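In the working numbering, the protein residues as written are 458 to 807.
Backbone N, C-alpha and C define an ideal beta-carbon position, used for all residues, glycine too.
Here the structure is a predicted model, which means the values were calculated and not measured.
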Ligand SMILES: Cc1cc2nc3c(=O)[nH]c(=O)nc-3n(C[C@H](O)[C@H](O)[C@H](O)COP(=O)(O)OP(=O)(O)OC[C@H]3O[C@@H](n4cnc5c(N)ncnc54)[C@H](O)[C@@H]3O)c2cc1C
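1) Report the start-end ranges of each beta strand (DSSP E) in the region 703 to 741 that is 3 residues or longer and not cut off at the edges.
2) Cβ of residue 645 within 7 Å of any heavy atom in ligand 3?
3) Helix, strand or coil for residue 635, going by three-state DSSP, please let me know.
4) Let me make sure I understand the geometry here. Which of 691, 710, 497 and 620 has the alpha-carbon closest to that of residue 608?
5) Suppose you measure from the CA of residue 567 to the CA of residue 789; what does that come to, to the nearest Å?
6) What is the residue span of the beta strand (DSSP E) that residue 752 lies within?
7) Out of 610, 639 and 643, state which residue places its alpha-carbon closest to the alpha-carbon of residue 596.
8) Look up residue 649 in the DSSP assignment and say whether it is helix, strand or coil.
9) Can you tell me whether DSSP reads residue 779 as helix, strand or coil?
10) Specify, as a first and last residue, the run of the alpha helix (DSSP H) that residue 502 falls within.
11) Since residue 577 sits in a beta bridge, which residues does DSSP pair it with?
12) What residues match up with residue 600 in a beta bridge as DSSP calls it?
13) Which residue wins for smallest C-alpha separation from residue 616, given the options 605, 625, 626 and 624?
14) With residue 476 and residue 694 assumed to form a contact (beta carbons below 8 Å), what rounded beta-carbon distance in angstroms separates them?
15) Kindly identify the DSSP beta-bridge partner or partners of residue 685.
16) List the endpoints of the continuous beta strand (DSSP E) containing residue 466.
17) Find the nearest neighbour of residue 582 within the set 471, 639 and 716, judged by alpha-carbon distance.
18) Is residue 582 helix, strand or coil by DSSP?
19) Count Cβ pairs between the region 678 to 694 and the region 713 to 720 that sit closer than 8 Å; are there 3 or more?
20) Using the three-state DSSP reduction, which class does residue 659 fall into: helix, strand or coil?
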């Protein structure tokens, strides 16, 4: 018998920012934490694969999903003093809370720390999965802990920030806890009176006319920059940066500089590796603004693949493979997707 709250053959296009056609065999929304164990048991009983869906802003479906999609719709935000620091507070937000709304909530309550992460689409629960980051700040800078339901132990667990293994667009939730942890809530440590983070050059430039920029100034500048550079998924389907910025060894970077003296690069978390902007590599490979049918590379930001209207997941995947192949041929660099491609084997298959 089918659970009363499960819908069948649900279109996923409207639930994802790429908007490509795909269906979930079964779909339900999780509004109460205590309903989760039963839902998962029912899916296991029917031998169905399960997929957690937040705002769908980091996913590309290349075929129908043959199991149960659970859209995380848990809500609630609470604020309490930080017992360890008088000038800090701890904010706990349920996984289904919209991320940008949480950023605005904090700003409106004079809490500093999230303003650089304004306008990142999606849910709070997905934020630790790829350690979201923008304009010089990443979730790791403000995260206190993550609460999740462990499908293996059937227990609710808590991981402190250090245990989440957060690094550039990566976390334990993409590795050991992949398909195992359902994130229920996220706890952040924010400051009542810290200065905002202004290290990112584009942000510094945008705020150069303001003597002591406030968190509100940073928020406004970040929103303005993002609106001018990134396509709005409601107008042009996309999932933000399609590829991660590649890390190369110092010797490979130095060899590349001989052929490409204007190659930009950044320090990475490791002193042995240099981070290169994938957008620059893709642009040099001639892909900026190109399209194959309705699957395209954005005209302003080459790292963003876009759906001009009727693209399928397969077409976007084929375009991504062609872009990656060109970059490999020209620079001998392997691009890896930042977007979650479903099924994952579709990317490795080429
Ligand atoms: C225009 C645009 C701009 C973007 N800019 C940025 C940016 O600046 N920086 C950045 O880091 N990202 C950016 N992104 C990517 C995206 O917004 C983030 O990755 C975001 O955190 C995804 O949230 P979501 O709720 O939409 O996740 P989804 O796409 O629904 O899911 C993403 C992954 O998380 C898993 N997941 C979701 N919720 C849970 C949960 N509760 N428990 C366990 N797993 C879960 C899913 O199964 C999937 O693997 C951008 C995307 C777009 C469209």
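Concretely, from the data shown:
1) Annotation note: the region 703 to 741 contains the following uninterrupted beta strand (DSSP E) runs of length 3 or greater, listed N- to C-terminal: 704 to 706 and 730 to 732.
2) In the structure shown, ligand 3 is absent; the only ligands present are ligand 1.
3) Note: residue 635 maps to coil in three-state DSSP.
4) Minimum Cα distance to residue 608 is reached at 497.
5) Between residue 567 and residue 789, the alpha-carbon positions lie close to 47 Å from each other.
6) 752 to 754 is the span of the beta strand (DSSP E), which, as asked, contains residue 752.
7) For the set 610, 639 and 643, the Cα lying nearest the Cα of residue 596 is the one of 643.
8) Residue 649: coil per DSSP, three-state reduction.
9) If DSSP states are grouped into helix, strand and coil, residue 779 belongs with the helices.
10) Its alpha helix (DSSP H) spans residues 493 to 502.
11) Answer is none; residue 577 lacks a bridge partner.
12) According to DSSP, residue 600 bridges with 645.
13) Distance check between residue 616 and each of 605, 625, 626 and 624 places 605 closest, using alpha-carbon atoms only.
14) Confirmed, Cβ separation roughly 4 Å.
15) None, per the DSSP bridge assignment.
16) Start and end: 464 to 468.
17) Here the closest residue by C-alpha is 639.
18) Shown here, residue 582 sits in coil according to DSSP, grouped into three states, outside any helix or strand.
19) Look at the beta carbons and you see the region 678 to 694 not touching the region 713 to 720: under three pairs across the two are nearer than 8 Å.
20) Correct three-state label for residue 659: helix.
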